[in-house]
Each structure stands twice: as structure tokens, then as C-alpha cells.
Amino acid sequence: MFSRNCPNCGKLVPWQKRKELLIVDTIHCVYCTKPLCLSFKYSFINALIIGGATGLFLSRYTDLSIEFIVIIAVFAGEGLQRCLDALFPLKVAKE
Ligand SMILES: [Zn+2]
83 MFSRNCPNCG KLVPWQKRKE LLIVDTIHCV YCTKPLCLSF KYSFINALII
133 GGATGLFLSR YTDLSIEFIV IIAVFAGEGL QRCLDALFPL KVAKE
């Protein structure tokens, strides 16, 4: 599940390359030059986990109203999600 290999050629994509995904949408494999992007499936799961965890934490330990908690959870998910996504398997992007 945490494999960091290129889905096309199976070779390891170095972290230096993967972290470019924090800025750009597509990177190219250093071996086969196939375009790679973040997998939507894992992005969706990560968004749910980060948003849910933030919401749960705030509702338990603060007295904020539910509307406020939802807004903060959405922003937290937005900011942290890409960092987490880059740790998950990539998929081949359409050219
Ligand atoms: Zn490759």
C-alpha cells in the first residue's frame, strides 16, 4: 500500500521527485518518463481522515460552534492533504 514505485516500470521513484507533487500536479518518472500524478482514491480517503480527525478533535476539546469546526476542518484538510497524498502510491496520468 505504501509502495513508492512507478506504476508503469516498477522502479522506485525517489522522494526528491515525489515531493514536487506538493507544488505541481504531474511529475515524470526518472526511468521511463511516464507522467505520474496523485491517485484520486487515496486523496479522497486522506481528505476524509484529516477533516474527520480535525473535526473530532475540535468538537471534543473546544467549545466552538459546529459551523466553525466544519470551516476549520475543511481548511486543515486542504493544507495537509497534499503532503499526505505524496506518501501514497501514484498513478499514471493521462497525456
Ligand atoms: Zn517509471
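Residues 83 to 177 (my numbering) make up the sequence shown, in order. Note that the Cβ used here is the ideal one computed from N, Cα and C, for glycine as well. None of the values given here were measured: they were computed from a predicted structure.
Option in the options with minimal Cα separation from residue i
| i | options | result |
| --- | --- | --- |
| T136 | L104, E160, K116 | E160 |
| L138 | F126, V156, K176 | V156 |
heavy atom of ligand 1 below 6 Å from residue i C-beta
| i | result |
| --- | --- |
| K173 | no |
| Y143 | no |
| N90 | yes |
| K99 | no |
CA-to-CA distance, residue j to residue i, given in whole angstroms
| i | j | result |
| --- | --- | --- |
| I148 | V174 | 39 Å |
| T115 | T144 | 48 Å |
| G133 | D167 | 14 Å |
| T108 | A158 | 23 Å |
Supposed contact pair residue j and residue i - C-beta distance, whole angstroms, cut 8 Å
| i | j | result |
| --- | --- | --- |
| P171 | Y124 | 7 Å |
| F165 | L104 | Note on identity: in this sequence residue 165 is Cys, with Phe being the wrong assignment. That belief holds up - the Cβ atoms of C165 and L104 are roughly 6 Å apart, short of 8 Å. |
| L140 | I154 | 6 Å |
| N128 | Q98 | Going by Cβ atoms, the distance from N128 to Q98 rounds to 22 Å, so no, they are not a contact pair. |
Sequence-distant residues of the same chain with beta carbon closer than 6 Å to residue i, five excluded per side
| i | result |
| --- | --- |
| Y113 | C91, K93 |
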